[in-house]
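**Student:** Counting from 1, position 113 in the sequence shown corresponds to residue 182 in my numbering; the numbering is continuous, with no gaps.
Have a look at this one before I ask anything.
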Amino acid sequence: MHANQTAGLVCAHNHFYSALARGMPAPPRTPTNFPEILELVWWRLDRALDLDTIYHSAKLSALTALESGCTAVIDHHESPNAIDGSLSVIADACAEVGVRVNCTYGVTDRHGP
């Protein structure tokens with residue numbers, strides 16, 4: 070029997086913390102456009118993140134990626150109330166799973182200067 074091997078896939082755009090949205094309650098009202106989706110869902114979630122939830126969302130996302138054949142992921146992260154150490158926590162969670170990761174932190178002025 071011959072085995073075929075292929076290189077792992079690369080996911081070039083992900084938001085690991087979005088794994089937490091699976092069990093998140095619905096927003097207070099239904100968004101009707103993309104800015105409202107950001108305001109009512111994603112920006113509320115990223116403000117609620119701490120290092121523990123960042124770690125668990127990264128680990129879940131890395132496992133999900135690996136299950137789908139992705140061995141490398143680029144994660145676009147934002148957690149305005151847990152900035153220091155957030156990218157290291159993501160990198161550690163991915164290393165535990167065996168997924169290569171390139172972390173980037175989103176830059177925004179929506180929380181003030």
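C-beta atoms are modelled at their ideal positions from N, C-alpha and C, and glycine is treated no differently.
The structure presented is a predicted model; accordingly, all values stated were derived computationally and were not measured.
#1: V170 to S137, Cα distance in whole Å?
#2: Excluding sequence positions up to five away, which residues of its chain have a Cβ less than 7 angstroms from the Cβ of S126?
#3: Quick one: residues in its chain with C-beta nearer than 7 angstroms to the C-beta of A134, no 5 flanking neighbours on either side, listed in chain order?
#4: Return the residue from the list E108, R98 and C163 that minimises the CA-CA distance to I123.
#5: Taking only three categories from DSSP, how would you classify L78?
#6: Measuring alpha carbon to alpha carbon, tell me which residue in G181, T101 and I159 is nearest T146.
#7: Terminal residues of the continuous alpha helix (DSSP H) containing H29?
#8: Since R179 is in the alpha helix (DSSP H), which residue starts that stretch and which ends it?
#9: Helix, strand or coil for R113 per DSSP?
#10: Between D178 and P149, what straight-line distance do the alpha-carbon atoms span, to the nearest angstrom?
#11: Take the Cβ of A72 as the centre, count every other Cβ of all protein chains shown within 10 Å, and call the residue buried at 16 or more, exposed below.
**Tutor:** Let me lay it out:
#1: For the purposes of this step, residue 170 is taken as residue 101 along the sequence shown, with counting starting at 1. For the purposes of this step, residue 137 is taken as residue 68 along the sequence shown, with counting starting at 1. One C-alpha to the other measures close to 15 angstroms.
#2: Sequence index remark: in the sequence shown, residue 126 carries index 57 (1-based). The residues are F85, Y86, A88 and L89.
#3: Numbered from its first residue, the sequence shown carries residue 134 at position 65. Excluding positions up to five away in sequence, the list reads C80, V142 and V168.
#4: Within the sequence shown, numbered from 1, the residue matching residue 123 stands at position 54. Looking at the Cα atoms, C163 is the closest of the given residues.
#5: The residue labelled residue 78 in the question sits at position 9 within the sequence shown. It is a strand residue.
#6: Within the sequence shown, residue 146 is the residue found at index 77, counting from 1. It is worth fixing the name first, because residue 146 is His in this sequence and not Thr. Taking only the C-alpha atoms, the option nearest H146 is I159.
#7: The question about residue 29 has no answer, for the chain in this structure spans 70 to 182.
#8: Stepping through the sequence shown from its first residue, residue 179 is reached at position 110. That residue, R179, is in no alpha helix (DSSP H); it is neither H nor E in DSSP.
#9: As a position in the sequence shown, residue 113 is number 44, starting the count at 1. In this structure, R113 counts as helix in the three-state DSSP scheme.
#10: Residue 178 sits at position 109 when you count from the first residue of the sequence shown. Residue 149 sits at position 80 when you count from the first residue of the sequence shown. Their backbone Cα atoms lie some 11 angstroms apart in a straight line.
#11: By one-based count along the sequence shown, residue 72 stands at place 3. So A72 counts as exposed.
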